[in-house]
Amino acid sequence: MNTEQKRALDIIRAQLHRRIHNQPFSQLLMVICGEGGTGKSALIDEITRTYASAGCSSRLAKTAMSGVAASIIGGSTLHSWAGLPSRTPHSDNWMSSSSREVKARRRSNMIGTWLLGVDEASMMTAEQLAMLSEVDRITVCILWDNLMT
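Position one of the sequence shown corresponds to residue 23 (this note's numbering), numbered consecutively onward.
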């Protein structure tokens with residue numbers, strides 16, 4: 023991991039410590055960028071170990087915009103995890119018109135989540151980000167992505 027990734031990990035660890043010890047914390051939004059091979063996967067692995075060693079694995083949600091990327095990080099697609107529609111809805115009531123199964127999965131996944139990581143964030147459209155925001159306010163959202171050069 024490079025210096026900036028280590029700094030990001032320190033911030034995430036400090037946030038986790040505050041959460042565990044019921045100390046005040048503020049919302050943390052972070053974007054971690056870098057070309058392939060720059061250590062983003064190592065950072066994701068270290069964040070996973072950090073949450074596991076603190077006994078908080080269930081508080082970490084690792085997602086990605088594609089199934090391949092999700093399987094590589096040991097997570098699920100963002101669409102599946104958050105119960106997002108596969109296409110941009112044409113009405114404002116898309117959340118209430120979701121099936122019971124989707125609503126239950128969405129609720130189950132989001133309750134107690136302290137950190138949401140999204141790999142391949144550059145593949146996320148503005149509409150998808152807005153839908154994610156509409157689904158629930160997550161305290162921590164981290165977006166991992168490759169920088170295209």
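A virtual CB, placed ideally from N, CA and C, is assigned to each residue, including glycine.
Secondary structure at G89: helix, using DSSP grouped into helix, strand and coil. Cβ contact annotation for T72 (same chain, cutoff 8 Å, sequence separation greater than five): L31, I34, R35, L38, in chain order. The beta carbon of S120 sits closer than 7 Å to the beta carbons of G105 from its chain, once the five residues preceding and following it are set aside; these are given in chain order.
According to DSSP, residue pairing for M23 in a beta bridge does not occur. A straight line joining the alpha-carbon of K62 with that of V53 spans about 11 Å. Under the DSSP definition of a beta bridge, S98 partners with T85. The Cβ atoms of T70 and S80 do not sit closer than 9 Å to each other. DSSP, read as helix, strand or coil, puts L106 in coil.
Taking the C-beta atoms as reference points, R127 is found nearer than 9 Å to S102.
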